[in-house]
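Participant: Quick one: structure below, then a few questions.
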Amino acid sequence: LIVTDDFYSTRQNSRKLFDDGFQNNAFNQYASDMISVHRSLPQVADPKCYHKKYPKLKSLTTSVIICFHNEAWSALLRTVHSVSERTPPELLKEIILVDDCSDKEAYVSSRLTTPVRILRLSQREGLIRARLRGASAAKGDVLTFLDSHCECTERWLEPLMARIAEDSHNVVCPVIDVISDDTLEYSYSPSGFINVGGFDWSLQFNWHPIPELKMHPTERSKSPTMAGGLFSISKDFFEYLGTYDPGFDIWGGENLELSFKSWMCGGRLEIAPCSHVGHIFRKRSPYKWRTGVNVVKRNSVRLAEVWLDDYKQNYYDRINNHRKALREKLKCKSFQWYLDTVYPELFIPGEAVASGEVSAQSIFQN
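For the sequence shown, our numbering assigns the number 1408 to the initial residue and increments by one for each residue that follows.
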């Protein structure tokens, strides 16, 4: 939906509604509100996908977990309805909406035929802990995580569930199509063109195209990492892996952490080309957090320490280089100088004669 300046001149307060919607959501809420929450989507997967059979799915169910904070009502409803209307009812155990302490309009589950549970958090927790709350409440065999501004296409779930039915250690992601943050247009690449996840040594996620010779339009592709917003995982395997790292705060790095330990602890991470879900990619985050704390960097440091082994130095070199250059430019003294001159009384654990636990035995023992 393209909204032009001529459109504004015919409707009172339209410009303010448009500007406020973009400011609050970082996408065109005005256009979203004008589009049906039941809108139809094209068949974007390879035609062969719609004829595939998945005989092993009969006994498996999923809980779809959607976390949100002050999400535009129309975008959230469109997400929920696309799940409800395009998922076989025998596979869908429930939809769990985790309201991460929204302070806008009341979110309700009326007029939805699928069982919807709303968990309301009394304080702002952030994506990671909100997802953990949803996962702990889930009753399905499989956890399917979605962001709150998505649209699922026909037969989106079956390819994800089929791989988990074959091996519960598979973690499976859909192909993520782009929903324009400006017009809400649903865009997709030709079938058979698939990107897989990677990362750089700043521990930032990135996409990589699969070489053409290795592509098959209906066969899953292994992915070194995942974007993290949309995926399915066995609940038992998620718990076996220790869920998300509880030491991570708010959001950032959790996708790489789960990617690394899925591969390194007996699992496999895949992209299912027959599963397509659209996602509104925003150019900025509309949410405000406490100031003075870089949670993404904090999480990344923890990620490097736990999972990168000796390769963690590649990360530290990238985040510290400019500060080291500043130190050299200022001709600063060494930390040994600081300890010797400024704080010589500080106890240094490595210089202790011995270390360990001291215990006293009872004087009544023989």
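Quick reminder that beta carbons are idealized off the backbone N, C-alpha and C, glycines included.
Values in this document were obtained by computation on a predicted structure and should not be read as measured data.
Can you tell me which of the three DSSP states T1632 falls into?
Facilitator: Three-state DSSP puts T1632 in a strand.
Participant: Taking C-beta to C-beta, are F1638 and F1552 nearer than 7 angstroms?
Facilitator: Yes, the pair counts as a contact, with Cβ atoms nearer than the cut-off.
Participant: Can you tell me whether R1536 is buried or exposed, with buried defined as 16 or more other CB within 10 angstroms of its CB?
Facilitator: Label assigned to R1536: buried.
Participant: Using only the alpha-carbon positions, how far apart do W1614 and L1715 sit?
Facilitator: Those two C-alpha atoms are separated by around 20 angstroms.
Participant: Identify which residue in F1425, D1554, G1660 has its Cα closest to the Cα of D1506.
Facilitator: Residue D1554 is the option with its Cα nearest to D1506.
Participant: Using the Cβ count rule (16 or more neighbours within 10 Å means buried), how would you classify M1633?
Facilitator: Under this definition M1633 is a buried residue.
Participant: Shortest alpha-carbon distance to T1469 belongs to which of G1685, K1642, L1753?
Facilitator: Nearest of G1685, K1642, L1753 to T1469, Cα basis: K1642.
Participant: Is P1481 near D1440, with beta carbons less than 7 angstroms apart?
Facilitator: The residue you asked about is not Pro; residue 1481 is Ser in the sequence shown. Closer than 7 angstroms, so yes.
Participant: Name the one or two DSSP bridge partners that E1673 has.
Facilitator: Strictly speaking, residue 1673 in this sequence is Gly, with Glu absent from that position. In DSSP, G1673 forms no bridge with anything.
Participant: Strictly by DSSP, which residues pair up with G1604?
Facilitator: Paired residues: W1614, T1632.
Participant: Quick one: what does DSSP say K1423 is sitting in, helix, strand or coil?
Facilitator: The answer is helix: DSSP assigns K1423 an H, G or I state.
Participant: Tell me whether I1617, by its Cβ, gets closer than 6 angstroms to a heavy atom of the ligand GTP.
Facilitator: The model on display carries no ligand, and the ligand GTP is accordingly not part of it.
Participant: Taking a contact to mean a Cβ-Cβ separation below 7 angstroms, would you say A1433 touches L1591 in this structure?
Facilitator: No. Outside cutoff.
Participant: Is the CB-CB distance between L1467 and D1548 below 7 angstroms?
Facilitator: For L1467 and D1548, yes; Cβs fall inside 7 angstroms.
Participant: Relative to the C-alpha of D1656, which candidate in I1640, L1483, V1708, I1503 has its C-alpha closest?
Facilitator: Cα-wise, what sits closest to D1656 is V1708.
Participant: Please report the straight-line C-alpha distance between A1679 and H1476, rounded to a whole angstrom.
Facilitator: Distance between the alpha carbons of A1679 and H1476 is about 29 angstroms.
Participant: Going by alpha carbons, who is nearest to N1431 out of S1587, S1692, S1491?
Facilitator: Comparing Cα-Cα distances from N1431 to each of S1587, S1692, S1491, the minimum goes to S1692.
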